[in-house]
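Enquirer:
There are 2 protein chains.
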Amino acid sequence: MFYRSLLLPDLRMSLDENDRDGMREFCHALHPAIVAEVLEELSPQDLWKVLSSSDATNQAVIFGFLDPNRQVEIVDVADRKEFTKLIEEMAADERVDFLGRLDEEHVEAILPLMAQAERTDIRKLLSYPEGSAGALMTTEYASLPAALTVAEAFDQLQRQAPDSETIYYIYIVNDERRLNGIVTIRQLILAKRTAKLADIMRRDVLSVRVDDDKEFVASEMARYDFIAIPVVDNQNRLCGIVTHDDAIDVIQDEAQEDAMRQAAVQPLEESYMDTPLLVMARKRGVWLVVLLCAAFGNAALLKRYEWISSQYKWLQFFVPLVLASGGNAGSQAATLVIREIHGRHLTRREKFSLVGHELRVAMILGVCMMLVALTGAFSLVPKLEALIVGLTVFSMVFVGTLTGSSLPILFKQLGMDPALMSNPLIAALSDLIGVFVFYHAALYLVG
Amino acid sequence: MFYRSLLLPDLRMSLDENDRDGMREFCHALHPAIVAEVLEELSPQDLWKVLSSSDATNQAVIFGFLDPNRQVEIVDVADRKEFTKLIEEMAADERVDFLGRLDEEHVEAILPLMAQAERTDIRKLLSYPEGSAGALMTTEYASLPAALTVAEAFDQLQRQAPDSETIYYIYIVNDERRLNGIVTIRQLILAKRTAKLADIMRRDVLSVRVDDDKEFVASEMARYDFIAIPVVDNQNRLCGIVTHDDAIDVIQDEAQEDAMRQAAVQPLEESYMDTPLLVMARKRGVWLVVLLCAAFGNAALLKRYEWISSQYKWLQFFVPLVLASGGNAGSQAATLVIREIHGRHLTRREKFSLVGHELRVAMILGVCMMLVALTGAFSLVPKLEALIVGLTVFSMVFVGTLTGSSLPILFKQLGMDPALMSNPLIAALSDLIGVFVFYHAALYLVG
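Chains A and B, in that order, give the protein sequences. Per the working numbering, the first sequence starts with residue 11, numbered consecutively. Per the working numbering, the second sequence starts with residue 11, numbered consecutively.
1. Throw me the rounded Cβ distance for the N338 (chain B) and V445 (chain B) pair, which I believe falls under 8 Å.
2. What are the complete alpha helix (DSSP H) segments, minimum 4 residues, inside the segment 202 to 260 of chain B?
3. One question on the structure: do T130 (chain B) and I251 (chain B) come within less than 8 Å of each other, judged by their Cβ atoms?
4. Using DSSP with H/G/I as helix, E/B as strand and the rest coil, what is T466 (chain A)?
5. If you reduce the DSSP assignment to three classes, tell me which class Q353 (chain A) lands in.
6. Chain E partners of Q266 (chain B), CB-CB under 8 Å?
7. W297 (chain B): buried (16+ other C-beta within 10 angstroms of its C-beta) or exposed?
8. Counting contacts by CB-CB distance shorter than 8 Å, is S335 (chain B) in contact with chain A?
9. Where does the unbroken beta strand (DSSP E) through S153 (chain A) begin, and where does it stop?
10. From which residue to which residue does the alpha helix (DSSP H) around T194 (chain A) run?
11. Within 10 angstroms of the Cβ of R133 (chain B), are there 16 or more other Cβ atoms? Answer buried if so, exposed if not.
12. Quick one: give me the first and last residue of the beta strand (DSSP E) that T176 (chain B) is part of.
13. Under 7 Å Cβ-Cβ, which residues of chain B neighbour P3 (chain A)?
14. State yes or no: is the beta carbon of N190 (chain A) nearer than 8 Å to at least one beta carbon in chain B?
15. Where does G386 (chain A) land, buried or exposed, given buried means 16+ other C-beta within 10 angstroms?
16. From A:P286, A:Q170, A:D235 and A:L435, pick the residue whose C-alpha is nearest to that of C303 (chain A); which is it?
17. Between F421 (chain B) and chain A, is the shortest Cβ-Cβ distance under 8 Å, so that the two count as touching?
18. With a cut-off of 8 Å, does the C-beta of L40 (chain B) fall near any C-beta of chain A?
19. For the segment 331 to 410 of chain B, list the alpha helix (DSSP H) runs that are entirely contained and at least 4 residues long, ordered along the chain.
20. Compare the C-alpha of R237 (chain A) against each of A:T253, A:D243 and A:F36 and name the closest.
21. Grab me the residues of M11 (chain B)'s own chain with a C-beta within less than 8 Å of its C-beta, minus the 5 sequence neighbours each way, in chain order.
22. For N308 (chain B), return the contacting residues in chain A, with the cut-off set at a CB-CB distance below 7 Å.
23. Does chain B have any CB closer than 8 Å to the CB of H254 (chain A)?
24. Under a Cβ-count criterion, where at least 16 other Cβ atoms within 10 Å of its own Cβ denotes burial, should W317 (chain A) be classed as buried or exposed?
25. Quick check on the burial criterion: 16 or more other C-beta atoms within 10 angstroms. Buried or exposed for D20 (chain B)?
26. For N246 (chain A), which residues in the same chain have their Cβ closer than 7 Å to its Cβ, ignoring the five residues on either side in sequence?
27. Counting only C-beta atoms, is M11 (chain B) closer than 8 Å to chain A at any point?
28. To the nearest angstrom, how far is it from the Cα of L397 (chain B) to the Cα of T345 (chain A)?
29. Can you tell me which of the three DSSP states S281 (chain A) falls into?
30. What did DSSP end up calling S459 (chain A) once you bin it into helix, strand or coil?
31. Quick one: what does DSSP say S320 (chain B) is sitting in, helix, strand or coil?
32. Are the CB atoms of I84 (chain A) and L57 (chain A) within a distance shorter than 8 Å?
33. Per DSSP, what kind of secondary structure is S137 (chain B) in: helix, strand or coil?
34. Using 8 Å as the Cβ pair cut-off and three pairs as the minimum, do the segment 194 to 204 of chain A and the segment 267 to 284 of chain A touch?
35. Measuring CB to CB, does A291 (chain B) end up less than 8 Å from V371 (chain A)?
36. Considering only DSSP beta bridges, list what S142 (chain B) is partnered with.
So, in structure tokens, the structure goes:
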């Protein structure tokens, strides 16, 4: 934000004066992420004009930091040949993400202009299903045969370094590209120059499979503090690597999606501001309508119980309170339990112990809530009625917690995403039980 | 999970037979994160017995992967002298995290046994406030003077590599430790061995300040795809670095905390299962009671309006439905807006445009919800009554969205954390408005 207002006027002046040197200097002097941020303020035409003043390598790096929507806009205004060079220079994983967003027509216009090797690589990467390690990985890693000495390895690395996304880990592969070991650059620097890679490499390499889920890949990287993780096929052949920056992106996206699901919003595919109004309304409306239908179940039940509420008029004062207690306790339990079971395999015993733990918490919470509810209700209605409110609040904290903790586990059991059990859905379900419990408690205790 | 059941019996056998070689082999053969996971299944005594079979460096790495609570348990069972060696070998940032969790007494028992330099380093790191870049960083980075040649730099790195957390970035500092530039290991490998570091280094180094918030540090690292970011004091002197694994931890923790706040749970300091029952009850109970008090406001309002509901009995059937519509729409808006404004500085215009955007969405959602509500209500009550339900649902979607989008912005304006506006709290506030709107709509249209 700060950079934008500072640098933009200067850049606009360079554009007005068609000052190519000024534009090139702008592209080189700053971190590419900052350059990209400032460029996003320009029209696609101007953006390309500035970008094309730089060399292809730098163009590619800046382009990689641009917003996906801006990237697509540039395709139509850029010089086809120069743009193809930019694409060739992009990191393999960013490039395939970009091409995956273009329509067929544009891709077919760009691909033939590229070198055969790059083309094959792109088609291969495009073939992995979205959300898999294969679609996330880059093919630009450093790899060496085990027979080399450390000195020879340094020579080879000089050749590989410009094209590798990271050279911090060097993967040791055999003639069939099977992954046999890993050497870090730190080990290389510390080792004797005559030592063989086979002698210093670590053999038990942790890797993921091309078809592994990207969230699994990110969690493995976070767990082992890796900068990159190798991706292999079912023959243990090295296909690519996933790097730390991709892992962070996956973790951030996942957190956003979870937060939206928790509030009964279908996860947005684009950023908040880039999501069109109607798409935004659909992502939220679907769930609002589902929840409204559940609420009609509730209304029907209340109508059916009119004979109870017409006898005990005070009941209706407390219906929202009783339902909110259950819903709030349920939301808390669901939020904690969904996070606790996420991505884990639970034994039968662990499931029961988890729900049991929640119910013990519910017992404590229920008693506290009952005491507060008793006191509060007593200021509005007579003793016996207040007691019924207190007891129902206790029951509802219990029922809400039970619903909130057991339904996500049940969903997981059925092979569905436990995060589908959003907080408002838990609340809607416990609402139905709430009315039933409250009215029947009144009937039984007063009647 | 999988490793545990496979490796644990073997390890227990080594323990029973007091087979030191077997234990040492176990500690060395696997990734330290896996070793730590298996060790956590043992008693503190056995854990230490296995750990102490290995050398101090490996002990320290495995120890760093242990759960914080298990780390603390070991202090009392370990041999003091051997344990001090382990501490000396730990990464500076992990070590200070660990010592920060110990009580004063234990720290004072360990510190005097350590070398003077380490002690000064620890006391310095312990002095940074929790949640700051200073408390997150490690002091083990690679740094070189600008006057060296590439060949000399490699020689120096051989000495620094064993003690540096990452050598991927080499920081160029002057005699006063002021940060003047940065060189990557990739640049070093590609450069001529006679080139001077001053000529190949990048001079515009992005850095953070020791007192910057850790969430800011993590977001900067994610934004620029850094493996590490330098931390400087107000004189631009290099104090330490924050590495990618710490950034991932911060991002994951932050996501967890946000999810809990969203569901009105005070963020847990420990993992779900490690949180004592009473602490868990307190973290949830505080908010449940606050929300219950808000619900009593609602009950009082309903009691006050008894004269309306006794005339129009059908009103009470739809109270939960009307309130839920407002609460659900509000939760959605709050969740999206809180994420959108997080960590950003918004101008007055941006704030209004954000709320305006939400209200346009609310208009579309309100119309759809009104139509569904009209249809549903018509099956339970006559036309005019159904119309009132439909109109109120429309208003409540609007009111909920307005509350959910404007209150977090208001909180931010007042310098408070917008995430305090949890979804249940938004719902509780919109509930109060809901009853008022619904009853008055009925009075006005039927009465």
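Even for Gly, the Cβ is constructed at its ideal location relative to N, Cα and C.
Expert: This is what the structure holds:
1. Not a contact, Cβ separation roughly 16 Å.
2. The segment 202 to 260 of chain B contains these whole alpha helix (DSSP H) runs: 207 to 210 and 224 to 234.
3. No. Outside cutoff.
4. With chain A running from 11 to 457 in the structure shown, residue 466 (chain A) is simply not present.
5. This sequence places Gly at residue 353 (chain A); Gln is not what is there. DSSP, reduced to helix, strand and coil, places G353 (chain A) outside both helices and strands of the structure shown, so it counts as coil.
6. Included in the structure are the protein chains A and B, with no chain E among them.
7. Buried.
8. Flagged as an interface residue toward chain A: S335 (chain B), by a C-beta distance shorter than 8 Å.
9. Note, S153 (chain A): beta strand (DSSP E), Y151 to L154.
10. Run containing T194 (chain A): none in the alpha helix (DSSP H); it sits in the beta strand (DSSP E), L189 to T194.
11. In summary, R133 (chain B) is exposed, with fewer than 16 beta-carbon neighbours lying within 10 Å of its beta-carbon over all protein chains present.
12. For T176 (chain B), the enclosing beta strand (DSSP E) stretches over residues T176 to V183.
13. Summary: the structure shown does not reach residue 3 (chain A), with chain A confined to residues 11 through 457, and so no result is reported for it.
14. No, its Cβ sits nowhere closer than 8 Å to a Cβ of chain B.
15. In summary, G386 (chain A) is buried, with 16 or more beta-carbon neighbours lying within 10 Å of its beta-carbon over all protein chains present.
16. Each of A:P286, A:Q170, A:D235 and A:L435 was checked against the Cα of C303 (chain A), and the nearest Cα belongs to A:L435.
17. Interface flag for F421 (chain B) against chain A is unset, since no Cβ pair is found closer than 8 Å.
18. Yes, its Cβ sits closer than 8 Å to a Cβ of chain A.
19. Qualifying alpha helix (DSSP H) stretches, in chain order: 358 to 388.
20. Checking the sequence shown, residue 237 (chain A) turns out to be Ile, not Arg. With distances taken between CA atoms, I237 (chain A) lies nearest to A:T253 out of A:T253, A:D243 and A:F36.
21. Below a pLDDT of 50, predicted positions are generally treated as unreliable, and M11 (chain B), at 47, falls in that range; the measurement from the model is reported next regardless. Only residues of its own chain outside the window of five on either side were considered, and among them none has a CB closer than 8 Å to the CB of M11 (chain B).
22. Identification of chain A residues near N308 (chain B) by a Cβ-Cβ cut-off of 7 Å yields P330 and L331, ordered along the chain.
23. Under the 8 Å criterion on CB atoms, H254 (chain A) is classed as interfacial with respect to chain B.
24. With fewer than 16 other Cβ atoms from the protein chains shown falling within 10 Å of its own Cβ, W317 (chain A) counts as exposed.
25. Exposed is the label assigned to D20 (chain B), since fewer than 16 other Cβ atoms lie within 10 Å of its Cβ.
26. Excluding positions up to five away in sequence, the list reads R188 and L189.
27. Low confidence applies here, because M11 (chain B) scores a pLDDT of 47, under 50, leaving its location unreliable; read the following figure in that light. Answer yes: the Cβ-Cβ gap between M11 (chain B) and chain A drops below 8 Å somewhere.
28. Rounded to whole angstroms, L397 (chain B) to T345 (chain A) spans 36 Å at the Cα level.
29. S281 (chain A) falls in the coil class under three-state DSSP.
30. An answer regarding residue 459 (chain A) cannot be provided, because it is not within the stretch 11 to 457 covered by chain A.
31. Reduced to three states, the DSSP call for S320 (chain B) is helix.
32. Yes.
33. DSSP places S137 (chain B) in the helix class (H, G or I) of the three-state scheme.
34. Two segments are said to touch when three or more pairs of C-beta atoms, one from each, lie closer than 8 Å; by this definition the segment 194 to 204 of chain A does not touch the segment 267 to 284 of chain A.
35. Yes, the pair counts as a contact, with Cβ atoms nearer than the cut-off.
36. According to DSSP, S142 (chain B) bridges with B:D223.
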